[in-house]
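K.L.:
This is how it looks when you write it as structure tokens:
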């Protein structure tokens, strides 16, 4: 197992690293794997705890790759408890891959409304079309990676949960658990440290081969569950953790320092969005379908002036967050004659054309002005 991780990790190092640096780095990393990252990981204790304490989510009661895929995409930026209602509603509208593939993108975005991060829905639709045309749902992580929206996490989770491929699944919950369990002070958001963590989780998955008690899929679900419910971010419950006796961070009382935290503010892109809610004589509002934006691309908003900032403005109406974007929104209202270059819609129907909470908040604010 140790040799597998050494060779796998070494292959990922850049070729410009000196031989000594590469050798020492891999040797030091491999040394730190003992005993917890290799063959001694307590699978039995973890699975016993998981089977007694796992939460009952609908996507855990199916092997349908389509349904598992939908759930995993929804879970990327949304909590499990919040996803359940959206998951059921989405599957009522699109019960299978064919129904999603044949739908119009606009209909898919409408069904996605409320979840945000609409690029997820667009990629879900694009991949559904490709899979439907090929008449074959890819079963391996490497094949799934070729599809739109299938990154490292989604590819591994679908191949593991639907097809039991022997791969490790690394989400924020698992990252937190692995960093603490092995007492690793890694900048996990960077490429090389991420590969280290992935190699560790892959080594755990390899231990399920020829193991009649646990599958790779069950192990990955258990790791996610313990990371979410026991090895929590702010309040880890080490006293009741089934793996505390072999947890390095618990032994050394460093768990409260791990995982390392990245400076989110330095990664944020700050914009001012000065929006005009224009209305015509029919009390319709204007949406600009031609405006180019760094965010919410292909989603029409009321005519706006977008300014990139280095520091936050002093005056604004509300703040809207989209992944790495922090948007300071100002709203003004005006009446105008109908222009052909705009899409004119009733305020209550605006969300059908641009299903984003930013627009919903702006329209509600305009009503009060």
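In this note's numbering, the protein residues as written are 38 to 406. Yeah, the Cβ is synthetic: ideal placement off N, Cα and C, and Gly gets one too. Owing to the predicted nature of the structure, the values given are computational and were not obtained by experimental measurement.
(1) Using 9 Å as the threshold, is the C-beta distance between residue 152 and residue 114 below it?
(2) Taking the C-alpha atoms as reference points, what is the distance between residue 217 and residue 94?
(3) According to DSSP, is residue 369 helix, strand or coil?
(4) How do the region 281-298 and the region 325-335 stand: do at least 3 beta-carbon pairs fall below 8 Å, yes or no?
(5) Would you please state the rounded distance, in angstroms, between the beta carbons of residue 313 and residue 398? I believe it to be under 8 Å.
(6) I need the boundaries of the beta strand (DSSP E) containing residue 308, first residue and last residue.
(7) Kindly list the residues whose CB is nearer than 8 Å to the CB of residue 324, restricted to its own chain and excluding five residues on each side of it in sequence; keep chain order.
(8) Based on the DSSP output, what are the partners of residue 341 in its beta bridges?
(9) Between residue 224 and the ligand FMN, is the CB less than 8 Å from at least one heavy atom?
(10) Quick check on residue 355: does DSSP put it in helix, strand or coil?
(11) In this structure, does DSSP put residue 96 in helix, strand or coil?
(12) Look up residue 380 in the DSSP assignment and give the residues it is bridged to.
(13) Out of 159, 120, 160, 101, point me to the one whose CA is closest to residue 196's CA.
(14) Cβ of residue 179 within 9 Å of Cβ of residue 192?
(15) Is it buried or exposed, residue 271, if we count other Cβ atoms within 10 angstroms and call 16 or more buried?
(16) Below 8 Å on the Cβ atoms is my guess for residue 132 versus residue 160; work out the distance and round it to an integer in Å.
(17) Taking 8 Å as the threshold, find out whether the region 143-150 comes into contact with the region 227-247 through three or more Cβ pairs.
(18) Can you tell me the Cα-Cα spacing of residue 400 and residue 364, whole angstroms?
(19) Cβ of residue 109 within 9 Å of Cβ of residue 190?
(20) Which one of 278, 198, 366, 361 has the shortest CA to CA distance from residue 350?
(21) Ignore the nearest five residues each way along the sequence and tell me which others in residue 239's own chain have a CB closer than 6 Å to its CB.
(22) Between residue 328 and residue 347, how many whole angstroms is the CB-CB distance? I'm expecting something under 8 Å.
(23) Using the Cβ count rule (16 or more neighbours within 10 Å means buried), how would you classify residue 228?
(24) Looking at the structure shown, is residue 362 part of a helix, part of a strand, or coil, going by DSSP?
(25) By the three-class DSSP mapping on this structure, what secondary structure does residue 146 have?
(26) For residue 431, which option in 253, 163, 221 has the closest C-alpha, if you only look at C-alpha atoms?
(27) If I measure Cβ to Cβ from residue 357 and keep anything under 6 Å in the same chain, skipping five residues before and after, which residues do I get?
(28) According to DSSP, residue 346 sits in a beta bridge with which residue or residues?
(29) List the endpoints of the continuous alpha helix (DSSP H) containing residue 237.
(30) Quick one, which of 330, 280, 255, 164 has its alpha-carbon nearest residue 345's?
(31) Would you identify the three-state DSSP class for residue 70, choosing helix, strand or coil?
(32) Of the choices 362, 128, 319, whose alpha-carbon is the least far from that of residue 305?
(33) How many whole angstroms separate the CB atoms of residue 402 and residue 354, which I take to be in contact at a CB cut-off of 8 Å?
(34) Taking 6 Å as the limit between beta carbons, can you name the residues of its chain near residue 266, skipping five residues before and five after?
(35) Using DSSP with H/G/I as helix, E/B as strand and the rest coil, what is residue 225?
P.N.:
With the structure as the only source:
(1) yes
(2) 26 Å
(3) strand
(4) no
(5) Going by Cβ atoms, the distance from residue 313 to residue 398 rounds to 15 Å, so no, they are not a contact pair.
(6) 306-316
(7) 337, 338, 339, 379, 380, 381, 382, 387, 390, 391
(8) 312
(9) Of ligands this structure carries none, so the ligand FMN is not represented either.
(10) strand
(11) helix
(12) 324
(13) 101
(14) yes
(15) exposed
(16) In fact, because the Cβ distance is near 20 Å, the residues do not count as touching under 8 Å.
(17) no
(18) 16 Å
(19) yes
(20) 366
(21) 205
(22) Contact doesn't hold; Cβ gap of about 23 Å is too wide.
(23) exposed
(24) strand
(25) helix
(26) There is no way to answer for residue 431, as the model of the chain reaches only from 38 to 406.
(27) 364, 366, 395
(28) 307
(29) 228-243
(30) 330
(31) Low confidence applies to residue 70: its pLDDT is 46, below 50, so where it sits in the model is not reliable, and the reading given next is rough at best. The answer is coil: DSSP assigns residue 70 none of H, G, I, E or B.
(32) 362
(33) 6 Å
(34) none
(35) coil
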